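So the sequences go chain by chain: R, L, P and X. For the first sequence, UniProt numbering begins at 1 and goes up steadily by one. For the second sequence, UniProt numbering begins at 1 and goes up steadily by one. For the third sequence, UniProt numbering begins at 1 and goes up steadily by one. For the fourth sequence, UniProt numbering begins at 1 and goes up steadily by one. We treat Cβ as the ideally placed atom computed from N, Cα and C, and that holds for glycine. Treat the numbers as computed from the prediction; the structure is a model and nothing was measured.
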Amino acid sequence: MREITLSRAVNEAIAEEMRRDPRVFLMGEDVAEAGTPFKVLSGLVEEFGPERVLDTPISEPGFVGLAVGAAMTGARPVVDLMFGDFLYLVMDQLCNQAAKQHYMSGGKLTVPMVLRTNLGATRRSAAQHSQSLQALVAHIPGLKVAMPSSAYEAKGLMKTAIRDENPVVIFEDKLMYQDKAPVPEAEYLIPFGAAHIKRPGRDVTLIATSSMVQVAEAAAGTLAHEGIEAEVVDPRTLVPLDEATLLESVKRTSRAIVIDEGHQSYGVTAEIASRLTEKAFYHLDAPVVRMGAMDVPVPFSPALEDLTVPTPGGVVETARRLCAGELIHAA
Amino acid sequence: MREITLSRAVNEAIAEEMRRDPRVFLMGEDVAEAGTPFKVLSGLVEEFGPERVLDTPISEPGFVGLAVGAAMTGARPVVDLMFGDFLYLVMDQLCNQAAKQHYMSGGKLTVPMVLRTNLGATRRSAAQHSQSLQALVAHIPGLKVAMPSSAYEAKGLMKTAIRDENPVVIFEDKLMYQDKAPVPEAEYLIPFGAAHIKRPGRDVTLIATSSMVQVAEAAAGTLAHEGIEAEVVDPRTLVPLDEATLLESVKRTSRAIVIDEGHQSYGVTAEIASRLTEKAFYHLDAPVVRMGAMDVPVPFSPALEDLTVPTPGGVVETARRLCAGELIHAA
Amino acid sequence: MTDARTNSEDYLRMYRQMVRIRTFEDNANQLYLSAKMPGLTHMYSGEEAVAVGICEALTDSDRITSTHRGHGHCVAKGAEFREMFCELLGKAEGYCRGKGGSMHIADQSHGNLGANAIVGGSMGIATGSALRAKLAGSDDVTVCFFGDGATAQGLWYEVMNMAALWKLPVIYACENNGYSEYTKTEEIAAGSITARAEAFGIEAHRVDGQDVLAVNALARDLVARARRGEGPFFVELETYRYHGHHVGDINREYYRSKEEERDWKENRDPILRFRGWLVAEGIAAEAELEAMTAEIAEDAAAAVAYAEAAAYPPAHEVDMHVFAD
Amino acid sequence: MTDARTNSEDYLRMYRQMVRIRTFEDNANQLYLSAKMPGLTHMYSGEEAVAVGICEALTDSDRITSTHRGHGHCVAKGAEFREMFCELLGKAEGYCRGKGGSMHIADQSHGNLGANAIVGGSMGIATGSALRAKLAGSDDVTVCFFGDGATAQGLWYEVMNMAALWKLPVIYACENNGYSEYTKTEEIAAGSITARAEAFGIEAHRVDGQDVLAVNALARDLVARARRGEGPFFVELETYRYHGHHVGDINREYYRSKEEERDWKENRDPILRFRGWLVAEGIAAEAELEAMTAEIAEDAAAAVAYAEAAAYPPAHEVDMHVFAD
Ligand SMILES: Cc1ncc(C[n+]2csc(CCOP(=O)(O)OP(=O)(O)O)c2C)c(N)n1
Ligand SMILES: Cc1ncc(C[n+]2csc(CCOP(=O)(O)OP(=O)(O)O)c2C)c(N)n1
Ligand SMILES: [Mg+2]
Ligand SMILES: [Mg+2]
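What follows is the structure, encoded as structure tokens:
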């Protein structure tokens with residue numbers, strides 16, 4: 001199968017959906033000629049014209065608000081939010097307005113919009129351009145949250161998001177834009193709420209999101225050499241969350257590590273660990289281990305930044321101890 | 001001891017600190033003559049004058065931004081955010097600016113400010129005036145988060161917050177403003193990170209925040225009649241979190257229910273449950289039970305709204321089943 | 001269209017709509033005072049000429065966005081009493097199945113995209129609706145209602161800039177009733193509100209919001225021009241709310257005087273003024289207008305009774321409508 | 001004070017500061033190109049007269065807030081090369097112990113409250129600093145630097161309103177370099193930027209940002225008036241950035257032409273212009289200025305070398321400074 005970059009995959013997904021449905025349009029800062037700073041959207045304005053690929057002023061709350069209103073009245077906007085860190089600016093439009101319209105109107109209004117944004121540290125971008133804020137939006141009822149882990153997921157989830165009748169937030173890992181993966185030429189969609197077993201294994205389950213799937217896979221590779229067969233499971237969407245697949249895996253392996261690049265405290269790993277514990281308590285050999293980012297703003301210095309996120313080495317070490325029964329004594 | 005309302009307690013705390021420290025000032029919408037819609041701040045403008053009790057325009061991001069700048073340069077602002085639901089509007093100023101200044105500057109800048117806001121549903125205020133958004137700010141490193149559960153805590157925690165060198169978010173329960181509790185005349189402070197055992201018990205630990213402490217206490221009362229001795233523990237601050245006291249209790253009772261009025265998924269209950277599970281796994285008779293608000297926007301209709309939050313009845317029922325060993329089989 | 005609105009039928013319809021709003025609000029206030037209504041609500045009484053003058057210039061395919069003080073816009077845009085009262089009481093037959101209540105009442109079928117409990121919160125929505133119209137090549141216009149207090153929200157400047165850059169068919173209608181909550185406008189708004197819109201290259205107007213004919217004439221003109229792609233526009237409407245900020249705001253002398261309130265009610269009431277004009281111009285007789293008022297009062301009473309007796313939504317609806325399929 | 005700044009010493013200091021900024025940026029760019037600098041950074045070259053003209057009107061107790069393009073402000077407000085380069089390289093001796101980097105560089109000791117990676121993000125901070133000055137009865141002034149693109153952030157309008165209502169000693173300095181990232185200002189800003197400030201009753205000025213004397217004269221006047229309680233003020237400074245949006249933005253012909261860049265560099269360079277004037281007025285000889293430039297180049301080279309050799313912060317600092325005690 002051909003291999004394309006994550007960047008290309010997102011571009012294809014949006015282009016295909018724009019060809020299919022004239023109501024779909026794109027807006028954001030420097031999305032047209034510049035094709036975004038990450039060049040993900042290059043070529044789209046040439047095909048679809050400046051009416052459907054709209055360069056906006058630097059007004060995040062404003063243009064997200066416009067997207068909500070456009071979506072409520074029949075359009076299907078895809079909004080580009082250049083950095084996930086800017087989510088803070090649009091929380092009111094996203095969480096008070098978009099997320100609640102359908103419910104508040106008793107089902108009469110819908111807000112079919114997609115907010116594309118990103119996550120991920122270790123790019124030396126410092127505290128305001130490196131955050132992984134998926135926990136904030138996953139907490140708000142009415143928002144769906146997708147976390148593609150490779151070009152394949154990026155394309156399939158984006159297409160599903162654009163067709164969804166609800167506001168969807170998609171987090172791409174900004175360090176993965178140039179990473180290639182096999183992506184079929186033929187059209188496909190990836191349903192929301194369907195976790196994917198990236199690598200089967202019987203000894204320990206590594207549940208990892210987005211950027212952390214690569215970390216988990218690298219760790220699983222190393223562990224295999226030591227005779228530990230780690231299963232890597234990618235939930236693909238946080239909302240809806242495919243509890244069944246996660247539970248099935250953990251019940252089989254009896255051990256789990258949850259890895260996410262958001263801050264650990266009050267974050268994504270807590271929710272997933274809690275659901276596993278609630279529903280697989282007596283299958284667990286040890287408490288579910290959480291590995292999130294450190295609870296510190298992201299430091300600029302490379303010497304510090306690399307310490308703040310989960311690494312393959314860290315996962316290997318933890319899995320090794322977990323499988324050796326060492327973490328049992330901690331609790 | 002005299003009993004005063006939570007509203008009065010907050011008022012006293014702020015007045016005392018304003019008398020003590022001329023750098024402390026208050027700002028927000030209708031905080032002066034009107035004393036806020038909840039009348040919590042009545043009388044302060046009369047004592048301290050309009051220069052230290054500033055009525056602002058309806059510009060939440062703006063005035064929170066002003067507070068950050070004032071705090072960075074030597075003042076100690078207390079900002080009134082009329083409804084917790086407006087947190088979405090100020091997230092950038094709070095989370096990108098206030099929370100990170102100290103870290104980003106390598107310890108040189110500090111932001112000693114307090115953001116007073118509220119939480120709580122069942123007031124028939126619908127989806128945009130009823131949210132309990134503590135999980136969002138607890139997730140962000142650099143912010144402290146206090147959750148007073150009665151007039152006593154409201155006063156002691158507010159005074160500590162005003163003296164803290166960091167940005168602190170305090171959530172008051174808007175349904176409790178008129179509730180009275182014994183509050184000493186003499187000055188006192190309540191340290192952050194010190195949980196309080198509100199009621200001792202040996203059979204099950206009810207960890208409850210803010211509004212939910214009353215719910216837990218009511219449940220404990222009922223349970224006592226049935227011979228179940230529930231221990232009610234109030235963490236009082238989510239950040240810092242007093243893990244030690246929580247763990248000590250749970251290790252003693254072997255069973256825990258965590259109750260918080262925020263949405264359950266990706267919320268506060270997940271973090272607390274996870275920490276208990278990680279560090280008291282082998283002491284637990286059953287998985288820690290989480291009781292958050294339903295994952296739905298808050299509905300207006302009283303017939304629906306009351307179903308969305310934890311109630312004493314619900315806690316009693318859950319505790320009963322937990323103590324009877326019924327929840328063991330669920331997992 | 002312009003002609004159609006200048007005939008007697010249209011005048012009477014405007015009058016009727018104004019009286020319907022006033023009557024709706026009196027009943028809503030009564031429901032609150034008799035503890036039959038859950039929560040609080042914000043009365044539109046006194047501002048009727050604004051909503052009616054503007055909405056009468058719109059068709060059902062034109063959209064509006066409303067505010068926390070939204071009953072007037074809702075009635076003016078064509079909503080029914082029954083579904084409105086049901087919504088205010090949290091009943092299943094309400095416009096939003098009881099889930100929205102007063103602060104989120106919406107009426108899709110007549111183009112009302114909904115009240116909003118976030119001050120200024122609908123400015124993006126209205127502008128986005130206008131963007132959709134432009135992209136889809138549709139000629140509908142969107143009116144964004146908001147109060148003077150809402151001009152302090154940064155969002156407004158962001159969306160005005162985009163509306164001006166892209167020539168969107170949106171009209172920003174600022175209901176300047178002199179107060180935001182318990183504070184006078186001049187204490188929280190520096191400079192000039194019209195100048196703020198003009199700075200973005202947006203044509204701005206100021207009009208007496210108590211004069212329904214003046215409001216309607218301006219609105220018809222601007223709506224027609226917006227349809228032709230000459231928008232956006234800004235209108236500041238000078239008006240007044242008779243009640244407190246919300247129904248529970250009873251003692252308000254600390255922020256505004258009884259004389260001021262009396263002056264507006266006695267000398268500038270939009271309904272009385274229009275009524276005087278209708279009679280003086282021979283368009284309607286006093287008795288006819290009385291009868292209309294009485295009929296509306298009956299309608300309202302019947303709708304209230306219906307709503308009081310109506311059923312709450314069943315418990316299982318609590319987790320419906322979180323997501324659309 | 002006014003007099004003091006019109007003598008030769010002050011002219012030469014301004015010249016020196018401009019050259020220091022240019023030199024700093026050339027070195028920073030070199031560090032990037034030779035892959036020695038982590039991350040990206042935004043060059044201030046071409047805009048030196050803005051930062052220097054304004055900061056030379058300030059004292060150490062006056063505050064500024066800076067932007068993502070912040071090295072110029074930092075140097076102009078008095079910072080040292082060594083601590084700056086250390087910060088850019090993430091070293092422990094940097095102004096922020098390596099934790100902030102280029103986009104968050106701050107220099108407390110000289111009143112620089114910091115660069116900001118959120119466009120417009122420091123507008124509240126600057127205005128709050130001015131509020132603190134007013135409340136504390138202190139006569140310092142705060143200057144808020146931001147770009148033309150930042151005028152699209154709603155926050156600006158919110159804080160201007162409060163600054164105007166409360167007469168705060170803050171000066172909003174908009175560095176209009178014609179672009180926000182890869183988009184021309186006229187495509188994203190409707191109407192007039194000065195009119196936007198004026199609508200709030202704020203006195204607004206436009207000045208040639210390549211003329212350090214014009215900038216400084218205006219700044220001295222406004223700073224003095226702000227100290228006397230006559231603020232706030234707004235200044236739009238017409239300027240140009242020579243490099244790309246950031247150091248990695250090399251191929252930029254799709255959004256601006258080489259001719260345009262050449263024209264600004266050859267005909268409007270703030271350093272060349274000022275140098276010509278200094279020589280023509282007999283304030284300095286060419287050779288003297290050459291020597292100054294050479295000396296600055298040496299300083300910079302030494303600082304770069306120092307920073308390259310300096311230590312990274314130790315691992316244990318990673319969770320220090322999350323909270324202050
Ligand atoms: C973002 C936000 N801030 C504050 C409030 C509280 N609040 C509700 S109405 C109101 C005053 C609004 O004034 P104005 O816009 O003039 O409308 P009016 O009530 O006068 O019709 C305020 C401050 C809110 N609902 N939303
Ligand atoms: C809130 C926010 N939105 C977008 C960005 C991405 N961004 C960084 S600089 C920039 C352009 C800023 O333009 P301007 O304010 O004119 O400053 P200049 O770069 O021209 O100095 C943008 C869009 C950001 N950092 N913050
Ligand atoms: Mg008003
Ligand atoms: Mg610019």
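Close-in-space but distant-in-sequence residues of the same chain around residue i (CB under 7 Å, 5 per side omitted)
i      : result
R237/P : The sequence shown places Leu at residue 237/P, rather than the Arg named in the question. Cβ neighbours of L237/P beyond the five flanking positions: V50, A173, C174, E175, N176, V207, G209 and V215.
P313/P : A92, R97 and G98
D260/L : T209, M212, G267, V268, T269 and G292
V298/R : A121, A126, A127, S130, Q131, E305 and T308
Residues sharing a beta bridge with residue i, DSSP
i      : result
I259/R : A208/R and M291/R
G147/P : E175/P
S257/X : DSSP lists no partner for S257/X.
P77/R  : F25/R
P240/R : Looking at the DSSP assignment, P240/R forms no beta bridge with any residue, so it has no partner.
V207/P : L237/P
V232/L : R199/L and L206/L
I170/R : R116/R and A146/R
D10/X  : None, per the DSSP bridge assignment.
A181/L : I4/L
R63/P  : T142/P
T183/X : S180/X
L54/R  : M27/R
CB-CB length for residue i against residue j, believed under 8 Å
i      : j      : result
Q93/L  : G124/X : 6 Å
H139/L : S265/R : 7 Å
K198/R : G142/R : Rounded, the Cβ-Cβ distance is 29 Å, inconsistent with contact.
V318/P : V296/L : 6 Å
H102/R : N166/R : 7 Å
I105/X : G70/X  : 6 Å
C-beta atoms of residue i and residue j nearer than 8 Å
i             : j      : result
V111/L        : V78/L  : no
G28/R         : G128/P : no
residue 364/X : A199/P : Outside the shown range of chain X (1 to 325) lies residue 364/X, about which nothing can therefore be said.
L322/L        : A286/L : yes
V315/R        : T253/R : no
L109/L        : G101/X : no
Beta-carbon contacts of residue i that lie in its chain and below 6 Å, excluding the five residues immediately before and after
i      : result
D139/X : R227
W264/X : Y240
G313/R : none
E181/X : H245
Q17/X  : V52 and A76
M113/L : A67, A71, P77 and P167
Own chain partners of residue i with C-beta closer than 8 Å, once the 5 adjacent residues on each side are dropped
i      : result
L278/X : Y11, L12, Y15, A284 and L289
TODO: Please list the residues of the region 157 to 171 of chain P that have a C-beta atom closer than 7 Å to any C-beta atom in chain R, keeping them in chain order.
DONE: E158, V159, N161 and M162
Task: Proximal residues, the region 129 to 153 of chain R versus chain P, C-beta separation under 7 Å - done: P141 and G142
Open item on the list: Give me the subset of the region 84 to 109 of chain R whose CB atoms are less than 7 Å from a CB atom of chain P, sorted by chain position.
Closed with: D92, Q93, N96, Q97, H102, Y103, M104, S105, G106, G107, K108 and L109
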